[in-house]
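Structure first, then comments.
In the working numbering, the protein residues as written are -9 to 104.
Structure follows, in structure tokens:
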């Protein structure tokens, strides 16, 4: 039996830029990263810096010729080899358009996965 607590299946993804905000919405810094996997409910990012849990990220992900803006709350951030960090995000109420594009993206990766 799996210990996986995720509600949605995840698929590989792409590069992104992000803005990190504290709980009050104050911008702390901006950065670049890449998505390691993605689902309707969350994203696993690889970043160059530690991002504190409970901070919020505004993400801009390029999916082919389309840019998608998403917001998420940092659930965890773990240091990996090579001074990289794996940061788990819970998505926060994506708008209808962003969610539709995200669904298309997940569908494409599901088809590629076979």
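C-beta atoms are modelled at their ideal positions from N, C-alpha and C, and glycine is treated no differently.
- The C-beta separation of residue 49 from residue 60 comes to about 5 Å, placing the pair in contact by the 8 Å criterion.
- Cβ atoms of residue 47 and residue 10 come within 8 Å of each other, at about 6 Å.
- Checking the DSSP bridge columns, you'll see residue 33 partnered with 28 and 79.
- Rounded to the nearest whole angstrom, the C-alpha separation of residue 72 and residue 51 is 24 Å.
- Secondary structure at residue 41: coil, using DSSP grouped into helix, strand and coil.
- As computed with DSSP, residue 87 is found in no beta bridge at all.
- Across the structure, residue 76 and residue 45 are spaced so that their CA atoms are roughly 15 Å apart.
- By DSSP's assignment, residue 60 forms a beta bridge with 49.
- The C-beta of residue 8 has 16 or more other C-beta atoms within 10 Å across all chains shown, which makes the residue buried.
- Here the alpha carbon of residue 40 sits roughly 19 Å from the alpha carbon of residue 14.
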